[in-house]
Structure formats: C-alpha cells, structure tokens
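> Below is a structure I'd like to ask you about.
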Amino acid sequence: MTIRFDGKVAIVTGGGNGLGREHCLQLAKLGAKVVVNDLGGSVDGSGGSVSAAETVAKEIRDGGGEAIGNGADITKLDQVEAMVAEAKAKWGRVDILINNAGILRDKTFSKMT
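Throughout, the working numbering is defined as the position within the sequence shown, counted from one, plus 208.
In structure tokens, the structure reads:
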C-alpha cells in the first residue's frame, strides 16, 4: 500500500534545513501542497531570513510540486495566524502540521538529552 497526500495541505515549521527540509520534500513527493516555514535564524535563534524556506519551496516547485516559502516566527501568534491564513487563501485548507522548528539555547550535549 502506498501512502499518498494528494490534495492535502501541509505546514512544516523549521522546513528550511535538515529534517524539516526532508519532511517538506517527501510530503511534496507524495502529493501534498507544502508551506515551508523557516525563520531562517541560526540554531540559537539569532538572525532571520526567509531565504532557506524559499529555497526549499523553489526546489519543490521545480520538481513539479506546489509550495510556498514562509518566514513566520512561530513564537508570535499573529505571524502563525497569518501563515495559516496564507495557506488557506492559496489552497483553501490546512490538513497536516509538522512542528519541527526548534531553537537550541544551551548547546551542551548533557542538557539536550
């Protein structure tokens, strides 16, 4: 049995790199329309640019899928609401949320486990 997500709309936070990027690419490969959300900051939360999200969204579109890049800060309710509104305006719904984003404030290994 093959799992498909045709007609489904997914939001993936932290989708610009690493596992989030892979989630986005696989969802698109399986037919989902994808909102690639990434603040674009470093792992400690500093900085910010939508370019990582836009790069993954373009990769999906170049492969024949549907995707938009989004740079919302998911710690800000108004930005999250705007991201969901953007997805609904474009595709009429949101079916899947993968909350992958994270900020690593204390980088010591013992505090991560």
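All C-beta atoms in this analysis are idealised placements derived from N, C-alpha and C, irrespective of residue type, glycine included.
Throw me the rounded Cβ distance for the Cys232 and Val217 pair, which I believe falls under 8 Å.
12 Å between Cβ atoms; not a contact.
> So, helix, strand or coil for Ile268, using DSSP?
In the three-state reduction of the DSSP assignment, Ile268 falls in the helix class, which pools H, G and I.
> Run the CB neighbour count on Ala309, radius 10 Å, all protein chains shown included, and call it buried at 16 or more, exposed below.
buried
> Which residues in the same chain have their Cβ closer than 7 Å to the Cβ of Ile211, if we skip the five residues on either side of it in sequence?
Leu238
> Could you tell me the boundaries of the beta strand (DSSP E) in which Val220 lies?
Val217 to Thr221
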